[in-house]
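Terminal number for the sequence shown in my numbering: 107, no gaps in between.
First the structure, in the form of structure tokens, and then the observations on it.
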Amino acid sequence: MLGRTPANITAIRPLKDGVIADFEVTQKMLKHFITKVKAKRFMAQPNVVVCVPCKSTLVERKAIREAVSSAGASKVLLLEEPMAAAIGAGMPVHEASGSMVVDIGGG
């Protein structure tokens with residue numbers, strides 16, 4: 001949407017390259033998502049898993065954890081993106097066997 005929006009609309013990127021670019025907007029976005037989930041599932045505070053880039057720093061990971069917690073999550077788990085991809089693909093991540101995940105980036 002960046003560069004394709006009408007003049008009366010401002011497109012923003014709360015996250016850039018997998019890390020927080022605007023903490024306040026990210027927090028509001030996450031709060032909106034959590035509120036929608038709570039309304040549909042009748043739950044108090046959900047547990048949230050967030051995929052993070054392998055190259056993210058401890059400071060960036062702390063900011064992500066803080067944004068998600070302050071948005072209403074009771075528990076936050078950070079999972080590196082290639083591990084999430086391996087789990088999603090059904091790879092045997094808990095077995096001592098060889099598997100290969102190639103992350104070429106781009107979202």
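Positions of the beta carbon are idealized from the N, C-alpha and C atoms, including for glycine.
Computed from a predicted structure; not experimentally measured.
Sequence-distant Cβ neighbours of Met91 in its own chain, meaning closer than 6 Å and more than five residues away, are Ser99. For secondary structure counted as the beta strand (DSSP E) over 3 or more consecutive residues, the region 32 to 65 holds these complete runs in sequence order: 47 to 52.
Val102 and Glu81 have their C-alpha atoms roughly 10 Å apart.
Glu80 sits in a strand when the DSSP states are folded into three classes. Between the beta-carbon of Ile12 and that of Val25 there is about 6 Å, and that keeps the pair under the 8 Å contact cut. Restricting attention to Cys54, Arg4 and Ala73, the CA atom closest to the CA of Met29 is found in Ala73.
Here the C-alpha atom of Ile87 lies approximately 12 Å from the C-alpha atom of Cys51.
Apart from the 5 residues on each side of it in sequence, Asp22 sits with its Cβ closer than 6 Å to the Cβ of Pro14 in its chain, given in chain order. Under DSSP, the beta-bridge partners assigned to Ile20 are Leu15. Residues of the same chain with a CB within less than 6 Å of the CB of Leu79, apart from the 5 flanking positions on each side, are Val49 and Cys51 in chain order.
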